[in-house]
Amino acid sequence: MAQDQGNGSDGSSWSRRAIRFPDGHEEIAAGRIGVLLVNLGTPDGTDYWSMRRYLKEFLSDRRVVEAPRLIWWPVLNGIILSTRPQKSGALYDKVWNTERNESPLRTITRSQGEKLAADLARTDPRIIVDWAMRYGNPSIAEKLDALTAEGADRLLIVPLYPQYSAATTATVNDKAFEALSQMRWQPAVRTAPPYHDDPAYIEALAASTKKHLAELDFEPDIVLASFHGIPKSYFEKGDPYHCQCQKTVRLLREALGWAPERLMVTFQSRFGREEWLKPYTDETVARLAREGVRKMAVIMPGFAADCLETLEEIAGENAEIFEENGGEHFAALPCLNDSEEGMAVIRAVVLRELSGWI
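Under my numbering, think of the first position of the sequence shown as 374, with each following residue one higher.
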């Protein structure tokens, strides 16, 4: 057995073990600790077929759409996948990173992974960090294979969702364990829990909100905290998402010293005819503008990185809704992304969940 020696930040030693088998067997690396950051997903392009592949994978997930397959399958394949790819592609075109030819979510998640890797390498050189998407590329299975090939026999999976939902956190874990079930030699595995009330997260949200509000040339009359919605039926079945969103904003109000009417909770991105969590962001934006609110800012605490739903839906569509109903000044504040505040949150969550391994 060959070993490459190194030292952690606390002076402890580690080894990357290369186990040698008889002739004909490949060398197997071990002794590393893998961290996999996972976000929702992204199409590979804005063209029809790229969008169709992405939407089919996303909307075929039973965690995302819980309708009976007998009802949903004809609707998805016969109607939605025939018309929605063009519409969604046009929206992605508005926010696409043309320099890298990729979505903003992929750009930001890559940067989060690279910054975390550089940071944690100084903490413990055994740690290797990578990133993946639940839907689209790079896939979870691909990245799990890459991490184990590099010798990761301990693995932390980090769904980048502050608030838990079966349609987000759970489906990331489902996909990860599906890939792990195909492995002959599985790593030991941990999954990071939601961090909706983690002090590091609340502190980062408060600092980021203060910083970006100070950069505006107007003082908002009201600030909305807009979260991605889920069908109301999911909440009624026991999904904790709604409660965790509400707790996040309550703690953020306390950290900012704001009254409840200063920071309101709303839910965006509903799809289909079913009732979703209320109040709806677009309806609230229109109503407040009609009632005389002239200056508004929106934060999106449920998104770890800016994406179509923040850059186009909020900064684009809802800004137009606000102005069309009498509003004058509208600002969509950036998500935590790979900022100093954002990386502090990810680092705190990862180091906490690696306790005992490093």
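Just so you know, even glycine gets a beta-carbon here, dropped at the ideal spot from N, CA and C.
By the Cβ criterion, the segment 628 to 643 is not in contact with the segment 705 to 717, since fewer than three pairs of Cβ atoms, one from each stretch, lie closer than 8 Å. The DSSP assignment places 561 to 564 as complete runs of the beta strand (DSSP E) inside the segment 558 to 584, in order along the chain (cut-off: 3 residues).
The beta-bridge partner set that DSSP reports for V468 is empty.
For the segment 402 to 452, the continuous alpha helix (DSSP H) assignments of 4+ residues that do not extend past its boundaries occur at 421 to 432 and 442 to 448, in sequence order. Out of V638, L636, G486 and Y653, the CA that lies nearest to the CA of F644 is found in Y653. Taking C-beta atoms under 8 Å as the contact rule, R507 and G407 fail to qualify, at a distance of about 17 Å. Runs of the alpha helix (DSSP H) lying entirely within the segment 628 to 668 and spanning at least 4 residues, in chain order: 654 to 663. Cβ-Cβ separation between G602 and L650: approximately 5 Å, consistent with a contact (criterion under 8 Å). F591 has its alpha-carbon roughly 43 Å from the corresponding atom of I513. Rounded to whole angstroms, the gap between the alpha carbons of E472 and T480 is 10 Å. Taken in chain order, the unbroken stretches of alpha helix (DSSP H) that lie wholly in the segment 673 to 727 and span 4 residues or more are 692 to 697 and 713 to 726. Annotated three-state conformation of I603 is coil, per DSSP.
Using a Cβ-Cβ distance cut-off of 8 Å, the segment 525 to 541 and the segment 409 to 423 are in contact, since at least three pairs of beta carbons, one from each stretch, lie closer than that value. In terms of CA proximity to S712, A678 leads the group E686, F695 and A678. The bridge partners DSSP lists for Y508 are G414. In the DSSP assignment, L493 falls within the alpha helix (DSSP H) that extends over P477 to T496. Contact annotation: P604 and E647 have beta-carbon atoms nearer than 8 Å. Secondary structure at L533: coil, using DSSP grouped into helix, strand and coil.
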